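I have placed the structure first, in the form of structure tokens, so that the comments after it can refer back to it.
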Amino acid sequence: MNKSNKNQTLLFKIFTLLSFMSMPIMAEVVTQKQKVETIEVSLDSFGLLSMVLLVIISSLVGMFFMKDEFSELT
Numbered sequence: 146m147n148k149s150n151k152n153q154t155l156l157f158k159i160f161t162l163l164s165f166m167s168m169p170i171m172a173e174v175v176t177q178k179q180k181v182e183t184i185e186v187s188l189d190s191f192g193l194l195s196m197v198l199l200v201i202i203s204s205l206v207g208m209f210f211m212k213d214e215f216s217e218l219t
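Going by this note's numbering, the sequence shown opens with residue 146, and the numbers climb by one from there.
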């Protein structure tokens, strides 16, 4: 496996993890009694802001790891 394939595999894994981290709108919380409760995250100003920040952070991380790919094009 050459370096390009390893980089592509690594990028795919990173983007997959980031997409799974930024997608959930429901969170599960386990209390001391081992009772599972769900908390719904509303998309008010703070919820929307947090989703936008997660997208921006994941885009910046992707740009950082792909900078070598774009520098080869020039």
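No residue lacks a Cβ here, since even glycine has one placed at the ideal position from N, Cα and C.
None of these values were measured; they are calculated from a predicted model.
T161 and F191 have their C-alpha atoms some 25 Å from each other. Taking C-beta atoms as the reference points, I159 and V197 fail to come closer than 8 Å. Between S149 and M211, the alpha-carbon positions lie close to 11 Å from each other.
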